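J.: Please read through the structure below; I'll follow up with questions.
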Amino acid sequence: MPRPDTASRILQAARALFEREGADGVRMRKVAELAGITPMAIYRHFDGREALLRRISDDSFHEIARHWQALRSGSDLLAQLVATQRIYLDYALAHPHLFDHAFSARRGNARRFPEDFHARRSPTLNVTHDAVQAAQQAGLLRDGDPWDIAMTLWAHSHGLVALYRAGRFSYDERGFRAFHDASLGRLLDGLRA
């Protein structure tokens, strides 16, 4: 099996550190050591630490979006909406440091609602928007701005995840997942046409 190119090795090393220690653990010397290169070699591929962190975040957005896109083959439009939120939940619990950096940390280059979303600059929320719009067109969800509804669904799941991760639920992970799904069901019931 061929050895990955240098940029890929840098990203793999940085992501491993990120997964283990969070954004603060991604230090150029540590990344270089794990990638088997000198620290200065990183700068041939990335402008600096922030560019490397931005790439890791962007890759994580695209990873979630790929999972969401895979769901679009099903015919049950409401099940697709539920699945998008479950994938978000899965990602948050499996990759807490990436989740925090991508969705909870203040970043200068973060997409802002509504303008960046209306311009379809969010690979993740685009999928939820499109599923909401399809459900509206099929008469399953009430009328309303599909971007606002997509953001409402996302904010609901995000808020529950943030509360769970902050220790505000006494449920174990399985119990929390059941609560999340039931709560999402109640929200969707209120959005039905």
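Using UniProt numbering, count along the sequence shown one by one with no gaps and you end on 193. Glycine included, every Cβ here is placed at the ideal spot set by N, Cα and C. Model, not experiment: these values are computed from the prediction.
1. How about the stretch 158-170 and the stretch 119-128: do they share at least three Cβ pairs that are nearer than 8 Å?
2. Would you check if there are 3 or more beta carbon pairs closer than 8 Å linking the stretch 99-117 to the stretch 169-181?
3. Measure the C-alpha to C-alpha separation of residue 31 and residue 38 and round it to an integer number of angstroms.
4. Enumerate in chain order the residues of its own chain whose CB-to-CB distance from residue 16 is below 7 Å, with the five nearest sequence positions on each side excluded.
5. What is the rounded straight-line gap between the Cα of residue 150 and the Cα of residue 42?
6. So which of 107, 156, 51, 56 has the shortest CA-CA distance to residue 182?
7. Quick one: complete alpha helix (DSSP H) runs, 4+ long, within the stretch 15-60?
8. Three or more C-beta pairs under 8 Å: does that hold for the stretch 44-55 against the stretch 18-29?
9. If you drop the 5 nearest sequence neighbours on each side, which residues of the same chain put their C-beta closer than 7 Å to that of residue 99?
10. Per the DSSP calculation, residue 77 is bridged to which residue(s)?
11. Establish whether the CB of residue 6 and some CB of chain B are separated by less than 9 Å.
12. Suppose the cutoff is 8 Å on Cβ atoms and the five residues either side in sequence are ignored; what does the same chain contact list for residue 96 look like?
13. Can you tell me whether DSSP reads residue 141 as helix, strand or coil?
14. On the DSSP letters alone, give me the boundaries of the alpha helix (DSSP H) that residue 174 sits inside.
15. Who are the near neighbours of residue 4 in its chain, counting only those whose CB is closer than 8 Å to its CB and skipping five residues on each side?
16. Just to confirm, is the Cβ distance from residue 94 to residue 53 under 9 Å?
17. Please report the Cβ distance between residue 124 and residue 153, rounded to the nearest whole angstrom; I am assuming they are in contact, meaning their Cβ atoms lie under 8 Å.
T.: Quick look at the numbers:
1. no
2. no
3. 9 Å
4. 34
5. 38 Å
6. 156
7. 28-35, 39-42
8. yes
9. 91, 92
10. BP columns for residue 77 are empty, so no partner.
11. Going by chain labels, chain B is absent from the structure shown, which holds only one protein chain.
12. 165
13. strand
14. 173-191
15. 12
16. no
17. Contact flag wrong, Cβ pair sits at about 12 Å.
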